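The structure under discussion appears below in the form of structure tokens.
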Amino acid sequence: GAGVSQSPRYKVAKRGQDVALRCDPISGHVSLFWYQQALGQGPEFLTYFQNEAQLDKSGLPSDRFFAERPEGSVSTLKIQRTQQEDSAVYLCASSLSGKAGVGELFFGEGSRLTVL
Amino acid sequence: DAKTTQPNSMESNEEEPVHLPCNHSTISGTDYIHWYRQLPSQGPEYVIHGLTSNVNNRMASLAIAEDRKSSTLILHRATLRDAAVYYCILTRSNDYKLSFGAGTTVTVRA
């Protein structure tokens with residue numbers, strides 16, 4: 625497809641389980657972002673990649689969260705030992721350039737994680 | 129980062145214009161004003177952005193105050209599909225990320 629694709633769309637995990645969320649950005653897009661969106665709130669920045677380099681991971685809430693983009697295209701967000709507070713929608717976005725100030729970010733539909 | 133202030137919610141009637149205000153009194157000269165919207169169960173989508181001059185595109189118009197301390201997103205004829213959360217965001221030209229607030233929830237009545 626032409627847009628950002630995320631999978632799975634829905635994931636239910638038991639507390640303590642590890643989960644992996646996948647993002648397929650738009651082909652050729654240099655920049656990739658992960659955001660976390662709690663119910664009723666705006667998206668919160670987690671991490672940013674430019675090609676395969678993770679340039680900013682300041683938003684990752686704990687060391688249980690890990691993201692990678694090894695070949696500069698597909699990215700995976702991994703959450704280890706999930707907790708109930710990790711329940712949220714995880715949004716992936718990509719952009720052609722590295723400058724959100726003048727460019728456009730394209731978002732996927734998100735992966736909704738529910739931790740029981 | 130410069131902050132924006134938006135009303136929590138607004139209601140509109142179908143086929144009427146919607147004016148969404150955004151205050152950004154601490155905006156700097158290099159800050160762009162961006163608007164994104166998020167339809168239910170979807171990711172945010174780009175609406176429009178500008179720096180100093182008013183901007184128009186197929187989705188909306190952006191009116192920027194002369195002192196740039198406020199702006200207004202204008203949806204010329206609201207449809208039911210325009211019901212969404214609208215986010216007003218400031219970014220510098222070399223910023224790589226967007227910082228979202230709570231946005232304005234727009235309800236459109238048939």
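First to last, the sequence lines map onto chains U and X.
Counting in this note's numbering, the first sequence runs from 625 upward without gaps.
Counting in this note's numbering, the second sequence runs from 129 upward without gaps.
Ideal Cβ positions, reconstructed from N, Cα and C, are used throughout, including at glycine.
Note that this is a predicted model, so its numbers are computed, not measured.
- The C-beta separation of Thr232(X) from Asn136(X) comes to about 7 Å, placing the pair in contact by the 8 Å criterion.
- The beta-carbon distance between Gly696(U) and Glu728(U), rounded to whole angstroms, is 20 Å. This is too long to meet the 8 Å contact definition.
- Taking C-alpha positions only, Cys716(U) is separated from Ser227(X) by approximately 14 Å.
- Look at the stretch 656-674 of chain U: the residues with a C-beta under 9 Å from a C-beta of chain X are Phe657, Tyr659, Gln661, Gly664, Gln665, Gly666, Pro667, Glu668, Phe669, Tyr672, Gln674.
- Between the beta-carbon of Ser651(U) and that of Ser721(U) there is about 15 Å, and that puts the pair past the 8 Å contact cut.
- In the structure shown, Gln708(U) adopts helical secondary structure according to DSSP, grouped into three states.
- Burial of Gln661(U) is indicated by the presence of at least 16 other C-beta atoms within 10 angstroms of its C-beta.
- In this model, Ala188(X) and Lys225(X) are separated by some 23 Å (Cα to Cα).
- Sixteen is the threshold: when 16 or more other Cβ atoms of the shown chains lie within 10 Å of the Cβ of Gln166(X), as they do, the residue is buried.
- Contact with chain X is absent for Gly696(U), since none of that chain's Cβ atoms lies less than 8 Å from the residue's Cβ.
- Gly652(U) has a beta carbon lying at 8 Å or more from every beta carbon in chain X.
- Shown here, Leu167(X) sits in coil according to DSSP, grouped into three states, outside any helix or strand.
- Beta-bridge partners of Gln661(U) (DSSP): Val713(U).
- In this structure, Val146(X) lies near Ala206(X), with their beta-carbon atoms less than 8 Å apart.
- Counting only residues of its own chain and dropping the five nearest sequence neighbours on each side, Pro149(X) has a CB closer than 6 Å to the CB of Thr200.
- Assignment of alpha helix (DSSP H) within the stretch 179-216 of chain X, counting only whole runs of 4 or more residues, yields no such run.
- As computed with DSSP, Tyr634(U) is found in a beta bridge with Arg736(U).
- For Phe228(X), the three-state secondary structure derived from DSSP is coil.
- Sequence-distant Cβ neighbours of Leu684(U) in its own chain, meaning closer than 7 Å and more than five residues away, are Leu670, Thr671.
- Against Lys723(U), the close residues of chain X are Ser221, Asn222, Asp223, Tyr224, in the order they occur along the chain (beta-carbon pairs closer than 8 Å).
- Taking C-beta atoms under 8 Å as the contact rule, Lys723(U) and Ala644(U) fail to qualify, at a distance of about 29 Å.
- Closer than 8 Å to the CB of Gln134(X) there is not a single CB belonging to chain U.
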